[in-house]
Structures are given as structure tokens and as C-alpha cells.
Ligand SMILES: Cc1ncc(COP(=O)(O)O)c(C=O)c1O
């Protein structure tokens with residue numbers, strides 16, 4: 291039977307992700323449009339975003355938080371180009387974005403003391419292989435495989451190298467031991483359902499020490515430059531962005547942070563995301579034609595939830611189209627490099643009740659196409 295109720299919000303894309311429930315463009319009415327980002331008003335808004343980020347995440351006080359250009363990619367590339375080189379690099383790869391970082395380290399930065407540990411979609415590589423005398427590069431959550439790190443226990447507190455973590459689809463949804471990470475990046479368009487354009491770059495004091503003591507042999511585009519006269523450019527971490535930011539995107543991020551506070555801050559966000567995963571698990575338990583790509587529960591993502599189906603690829607594609615045509619789930623096909631299947635963003639901005647309604651449609655659509 292075709293279900294009669296549709297999800298309130300059919301946006302299940304894994305980026306840009308769903309806006310928070312009851313989002314309204316009205317929330318942007320205080321954006322300082324047409325004003326300089328260097329005015330006290332503009333700079334104040336950027337600094338507010340930085341301060342709220344620090345508070346909600348509960349970051350260590352000595353970690354720096356900066357707003358940088360070009361979304362998570364900008365933030366992560368900026369970190370790699372500024373910090374990597376003086377030590378060997380271990381890269382852990384288990385989906386397409388981490389594979390991209392490994393490729394950039396080898397082919398663009400042309401570093402040769404690089405080891406890549408790779409696992410197929412749905413699994414994690416052997417984290418025990420990491421040598422923390424090297425710099426270690428990884429994502430916290432593989433957005434395209436639905437596989438997350440179970441914890442940070444494999445990272446020693448007294449490491450010599452730096453840890454660089456792309457946390458874009460994990461932060462605000464998972465417990466992350468910040469002190470294990472020297473670089474943390476993410477974009478506004480993921481877990482909080484903000485707008486793209488800007489990234490957040492978080493640096494530990496050890497990352498700053500590396501920045502100040504090391505000059506890479508390659509040229510540094512202005513957009514990546516975090517140093518002024520040999521020292522870290524502290525302005526970046528107080529709201530003086532490298533170039534002109536979008537004040538409307540910043541206002542949207544502030545609105546997302548306000549919403550995050552209204553649902554209980556970080557614990558509330560994590561709880562919402564976990565409840566979403568539980569709704570999926572209950573559904574998969576009852577249906578033998580759909581399987582999590584991440585079979586091991588410890589490493590199963592509670593944000594980018596990925597599935598394989600007992601259906602040929604063309605029928606999976608038909609199912610994806612059907613769900614979009616019915617306006618019940620948009621953009622829910624697996625990532626282009628991942629095994630054919632489905633991926634539903636299930637971070638905190640997605641309502642559990644919408645997932646429960648969606649599962650009824652999924653069952654219907656499966657029966658339609660099979
Ligand atoms: C793990 C990961 N890294 C990086 C990116 C790139 O993010 P952006 O497009 O915001 O730069 C994504 C986007 O989906 C991602 O999932």
C-alpha cells in the first residue's frame with residue numbers, strides 16, 4: 291500500500307544537508323548586509339560565530355577556531371599545505387574524500403614519505419598501523435561509506451607528529467576527543483545544515499607551533515596563508531577573515547548554532563542523530579532486502595547512513611527516482627564512487643519522525659521496482 295503521509299522535510303542529501311526543523315529565512319533578518327566584514331558589526335558577527343562554536347563544541351580553551359574560505363575542502367587543504375612536509379605522513383583511507391586527501395598529499399604536495407592504509411567501502415583500515423612519529427591524516431566519518439571512527443583510543447596523547455582530521459560529517463553529531471586531534475575541519479553545510487562557502491579550521495597549540503616553525507618549500511596562495519611575519523595570524527581566529535566572507539552565510543550559521551543550543555547543545559545534537567540511526571536499525575532488522583554498508587555497529591555512521599539493497603543497480607536508480615518524484619526523499623542515491631545503493635543523511639537536523647515515515651515509503655518503493 292502506498293503510504294499516505296510524507297516526511298515533513300524530504301531533504302536527505304548528504305551535503306548540503308537539511309536545514310534545521312522549522313527553518314525560516316526570517317532567521318537571517320539581522321545579517322549585516324552591505325556592511326563591511328571589517329566593521330565592528332561585521333567582525334563582531336564573525337567573532338560571535340567563532341565563540342559560539344567553541345562553546346557548543348566544548349573545545350579546549352587553547353585551541354584556535356577560524357573561519358576560512360572554501361568550505362571544508364578549503365579548511366583541510368589549507369591545513370595540509372601549511373603543515374605537512376617535515377615528517378612522514380600516514381593517511382587512512384576508507385571512502386572517497388579520504389582517498390582524495392591521500393591523492394593530494396602524494397600528487398600535489400609530492401611528498402614521498404607517505405604511507406596509505408586503505409579499506410574497502412563499509413570497513414575501516416587497520417588503525418593500529420599508524421605511526422605517530424609521523425603526521426596522521428584521516429576523516430572522522432566517511433560520508434560516502436557511512437563508516438565512522440569508533441573512538442580516538444588509537445591515538446596517543448603524547449604523539450610526536452600531528453593528527454589532521456577532516457571531521458565535516460562527524461562534528462556536532464559524534465563524541466570527538468578533541469585533545470587527540472591537532473587539526474579539525476568542517477563546513478557549515480553539513481551537520482548543522484548551514485550554507486556552504488566557508489569552512490571552520492580548528493588548530494591545537496601543537497599545530498600552531500608547527501605552523502610557526504616550518505615553512506613549506508612550495509608557494510602558498512594567499513587564500514591558504516595563516517602566517518604573518520613568521521607567526522600565526524591571530525586575527526583569523528578572532529574574526530578577521532583572510533578575504534571577504536559571506537555575511538549571510540555567517541548569519542545562517544549563527545541561526546543553526548542557536549537552534550543547536552535550543553535542542554540541548556552538543557549532547558542534544560548527538561542524541562538526535564543517534565535516535566535517527568536507531569530508527570534505521572529497527573527498519574533494517576525487519577527487512578531482509580536492505581543492509582547497512584557498514585555492517586559493524588561500532589563503526590556505523592549516525593549521520594551519513596549508507597545501504598546496499600538486494601536489487602540490481604538499475605532498479606536501485608529507479609527507486610531513488612521514485613522517492614524523489616513522490617517528494618519523500620531527495621538526493622538519496624549512493625555517492626558516485628561508492629557501491630550502488632542508498633544514502634540518507636540522518637544528522638541532527640533530520641527529524642526521527644521523518645525517517646520513520648520514510649521507511650514506509652522505502653518499503654513501498656522497493657516493492658514497486660523489484
Ligand atoms: C568527508 C568529507 N570531506 C570533505 C568534503 C568536502 O566538503 P565541502 O564540499 O564542504 O568542501 C565532504 C563533502 O561531502 C566530505 O564528506
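In our numbering, the protein residues as written are 291 to 660. Beta carbons: idealized from backbone N, C-alpha and C, even for Gly.
1. Classify residue 594 as helix, strand or coil using the three-state DSSP reduction.
2. Per DSSP, which residues does residue 620 bridge with? Please list them.
3. Starting from the Cα of residue 511, find the closest Cα among 338, 369, 443, 660 and give me that residue.
4. Can you give, in chain order, each stretch of the alpha helix (DSSP H) that sits fully within the region 518-595 and has at least 4 residues?
5. Between the Cα of residue 487 and the Cα atoms of 418, 608, 537, which residue gives the shortest distance?
6. Should residue 475 go down as buried or exposed, given a rule of 16 or more other Cβ atoms within 10 Å for buried?
7. Along the alpha helix (DSSP H) that carries residue 609, what are the first and last residues, could you check?
8. At a cut of 8 Å, does the region 338-351 reach the region 388-395 through at least three beta carbon pairs?
9. Residue 334 to residue 530, Cα distance in whole Å?
10. Between residue 477 and residue 341, what straight-line distance do the alpha-carbon atoms span, to the nearest angstrom?
11. Looking at C-alpha atoms only, which residue of 643, 358, 457, 354 is the closest neighbour of residue 513?
12. Return the residue from the list 555, 353, 554, 587 that minimises the CA-CA distance to residue 568.
13. From residue 501 to residue 376, what does the alpha carbon distance come to, in whole angstroms?
14. Take the Cβ of residue 585 as the centre, count every other Cβ of all protein chains shown within 10 Å, and call the residue buried at 16 or more, exposed below.
15. Starting from the Cα of residue 484, find the closest Cα among 293, 295, 305, 291 and give me that residue.
16. Could you check the C-alpha separation between residue 554 and residue 564 for me, to the nearest Å?
With the structure as the only source:
1. Strand, per DSSP.
2. 301, per the DSSP bridge assignment.
3. Closest by alpha carbon: 369.
4. With a minimum length of 4 residues, the continuous alpha helix (DSSP H) runs that stay inside the region 518-595 are 537-552, 555-576.
5. Comparing Cα-Cα distances from residue 487 to each of 418, 608, 537, the minimum goes to 537.
6. Classification of residue 475: buried, given that the 10 Å Cβ count is 16 or more.
7. From DSSP, the alpha helix (DSSP H) with residue 609 extends over 603-615.
8. The region 338-351, when compared against the region 388-395, does not touch it at the 8 Å Cβ threshold.
9. Looking at the two C-alpha atoms, the distance is approximately 10 Å.
10. Within the model, the alpha-carbon separation for residue 477 versus residue 341 is close to 16 Å.
11. Measuring from the Cα of residue 513, the nearest candidate turns out to be 358.
12. Considering only alpha carbons, the answer is 587.
13. Across the structure, residue 501 and residue 376 are spaced so that their CA atoms are roughly 11 Å apart.
14. Counting of Cβ neighbours within 10 angstroms places residue 585 among the exposed residues, the total staying below 16.
15. If you compare the alpha carbons of 293, 295, 305, 291 with that of residue 484, the shortest gap goes to 305.
16. Answer to the nearest angstrom: the Cα atoms are 14 Å apart.
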